[in-house]
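Undergrad:
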Amino acid sequence: MASPEISVIIPVHNESANIAPLCDALIPVLNTITQAWEVVFVDDGSRDDTLSRIKLKSVDEPRIGAVSFSRNFGKEIAIAAGLDHARGEAVVIMDADLQHPPEMIETFVARWREGYTMVYGQRTDRSDETRIKRGFAHLFYRLFSKFGEISLPEGAGDFRLIDRKGVEVLRTLGERARFSKGLYAWIGFKSTGVPFVVADRMHGKTKWSFRKLLRFAFDGITSFSSVPLRVWTYLGTLISICSILTALYFMIRTLLFGTDLPGFPSLIVSVMFFSGIQLMSLGIIGEYVGRIFAEVKRRPLYVVQEHVGAASDMRRERI
Numbered sequence: 004m005a006s007p008e009i010s011v012i013i014p015v016h017n018e019s020a021n022i023a024p025l026c027d028a029l030i031p032v033l034n035t036i037t038q039a040w041e042v043v044f045v046d047d048g049s050r051d052d053t054l055s056r057i058k059l060k061s062v063d064e065p066r067i068g069a070v071s072f073s074r075n076f077g078k079e080i081a082i083a084a085g086l087d088h089a090r091g092e093a094v095v096i097m098d099a100d101l102q103h104p105p106e107m108i109e110t111f112v113a114r115w116r117e118g119y120t121m122v123y124g125q126r127t128d129r130s131d132e133t134r135i136k137r138g139f140a141h142l143f144y145r146l147f148s149k150f151g152e153i154s155l156p157e158g159a160g161d162f163r164l165i166d167r168k169g170v171e172v173l174r175t176l177g178e179r180a181r182f183s184k185g186l187y188a189w190i191g192f193k194s195t196g197v198p199f200v201v202a203d204r205m206h207g208k209t210k211w212s213f214r215k216l217l218r219f220a221f222d223g224i225t226s227f228s229s230v231p232l233r234v235w236t237y238l239g240t241l242i243s244i245c246s247i248l249t250a251l252y253f254m255i256r257t258l259l260f261g262t263d264l265p266g267f268p269s270l271i272v273s274v275m276f277f278s279g280i281q282l283m284s285l286g287i288i289g290e291y292v293g294r295i296f297a298e299v300k301r302r303p304l305y306v307v308q309e310h311v312g313a314a315s316d317m318r319r320e321r322i
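Right, dumping it as structure tokens:
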């Protein structure tokens, strides 16, 4: 197959009801842009008939293909697999739930043809989220900008277009604990944002619970910053200074006024407080050690169970 101009990567996990509406909305948009396109679905271990519905679409439209994982590896790994299999000169990443409007791809491609290597969709409205979730999102971007190696444009997610030279750089990044938004910013290149409003989900419900989002945010900060490790160095130094000052205070007080009967409650509170500090610091260190352990094992990022349609011709080795 000749190399397409545009590839669209769509990670899917139990999205069977969204496959047909997505293809019906996406294909006319791609045909308007160019006839040289492909769609690469990455089935992340779906337990419903998502893959079967993709196969049906592939029969009608040979430019649609799929990569099916042997189990669920997570969206970040699915995006990496899509980048490995996409062959287009420009690669678009989008979700399957139609919250990323397919018609935005025309704007992405127009900006790409103007010379931008990366064109990302920038969410402008979070009114559908709770105040707590919006507050945590804002806090995350501020912390990442302050303590991370790079800064992230607020509101930018996975919905974006990446030029082939950017894709090839991303394919060289084989880290296991992946935070794609950070990787997009880390590689640099000329980038621009395109504002868009997130549409309502067509079918199903989001796979991202509040707990998973917090974990994802923590992964992002620890992947691009060593500040969580340094915090405990500073805190330990501060506690040591306080303990020395406290010891001097009690020594002087004892010399001047004699000794008092030691208080049992204060002793227990002190022991519990410092034990908690030690366990928290060990937990942070353990997070980084766990990432080192995962990296040195050098397992493949994902295991492909099946290639569908045009994806059989897209197979490539990770650089």
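Per the working numbering, the sequence shown starts with residue 4, numbered consecutively.
From the three backbone atoms N, C-alpha and C, an ideal C-beta is built for every residue, glycine too.
Between which two residues does the alpha helix (DSSP H) harbouring Thr53 extend?
TA: Thr53 -> alpha helix (DSSP H) spans 53 to 63.
Undergrad: On the three-state DSSP scale, how would you describe Ile190?
TA: Reduced to three states, the DSSP call for Ile190 is coil.
Undergrad: Note down, in chain order, each residue of its chain lying with its Cβ closer than 7 Å to the Cβ of Lys168, except the 5 sequence neighbours on either side.
TA: Cβ neighbours of Lys168 beyond the five flanking positions: Thr120.
Undergrad: What number of angstroms, rounded off, separates the C-alpha of Pro156 from the C-alpha of Leu251?
TA: Distance between the alpha carbons of Pro156 and Leu251 is about 49 Å.
Undergrad: With Ser10 and Val94 assumed to form a contact (beta carbons below 8 Å), what rounded beta-carbon distance in angstroms separates them?
TA: Ser10 to Val94, Cβ: 5 Å. Contact.
Undergrad: Under a Cβ-count criterion, where at least 16 other Cβ atoms within 10 Å of its own Cβ denotes burial, should Val62 be classed as buried or exposed?
TA: Val62 comes out exposed.
Undergrad: For Lys58, count neighbouring C-beta atoms within 10 Å of its own C-beta (all shown protein chains included) and say buried if the count is 16 or more, exposed if not.
TA: Result: buried.
Undergrad: Which residue or residues does DSSP assign as beta-bridge partners of Val42?
TA: Looking at the DSSP assignment, Val42 forms a beta bridge with Val11, Ile67.
Undergrad: One question on the structure: do Gly124 and Met107 come within less than 8 Å of each other, judged by their Cβ atoms?
TA: Their beta carbons are under 8 Å apart, which means Gly124 touches Met107 by this criterion.
Undergrad: With a cut-off of 8 Å on the beta carbons, I'd call Arg3 and Ala180 a contact; round off their distance for me.
TA: Beyond the ends of the chain as shown, which are 4 and 322, falls residue 3; an answer cannot be given.
Undergrad: Run through DSSP, which three-state label would Asp27 get?
TA: In the structure shown, Asp27 sits in a helix (DSSP, three-state: H, G or I).
Undergrad: If Pro105 sits next to Ala28, beta carbons under 8 Å apart, how far is it from one beta carbon to the other, in whole angstroms?
TA: With 8 Å as the limit, Pro105 and Ala28 qualify as a contact, their Cβ atoms being about 5 Å apart.
Undergrad: Return the CA-CA distance between Phe249 and Gln281, expressed in angstroms with no decimal places.
TA: According to the sequence shown, residue 249 is Thr rather than Phe. Answer to the nearest angstrom: the Cα atoms are 20 Å apart.
Undergrad: Is the beta carbon of Phe162 sitting closer than 8 Å to the one on Met97?
TA: Against a cut-off of 8 Å, the Cβ pair of Met97 and Phe162 comes out as a contact.
Undergrad: Ala159: buried (16+ other C-beta within 10 angstroms of its C-beta) or exposed?
TA: Buried, since its Cβ has 16 or more Cβ neighbours within 10 Å.
Undergrad: Counting only the same chain and skipping the five closest in sequence on each side, list residues whose C-beta sits under 6 Å from that of Ala99.
TA: Ile13, Val15, Glu18, Asn21, Leu25, listed in sequence order.
Undergrad: What distance in whole Å lies between the Cβ atoms of Arg114 and Val197, which are believed to be in contact at a cut-off of 8 Å?
TA: Contact holds; Cβ gap of about 7 Å.
Undergrad: Go through its chain and collect everything with a Cβ distance to Ile190's Cβ below 7 Å, but skip five positions before and after it.
TA: Excluding positions up to five away in sequence, the list reads Gly169, Val172, Leu173.
Undergrad: DSSP state of Arg126, grouped into three classes?
TA: Looking at Arg126 - three-state DSSP - the assignment turns out to be strand.
Undergrad: Kindly indicate which three-state DSSP category Ile322 falls into: helix, strand or coil?
TA: In this predicted model, Ile322 has a pLDDT of only 49, less than 50, meaning its place in the structure is not dependable enough to derive any value.
Undergrad: For Glu309, does the three-state DSSP call read helix, strand or coil?
TA: In this structure, Glu309 counts as strand in the three-state DSSP scheme.
Undergrad: Only counting the same chain, and skipping five residues up and downstream in sequence, which positions put a Cβ closer than 8 Å to that of Thr35?
TA: If we look at Thr35 and ignore the five residues flanking it on each side, its Cβ neighbours are Glu109.
Undergrad: Am I right that Phe72 and Val311 are in contact with their C-beta atoms under 8 Å? What's the rounded C-beta distance?
TA: Rounded, the Cβ-Cβ distance is 12 Å, inconsistent with contact.
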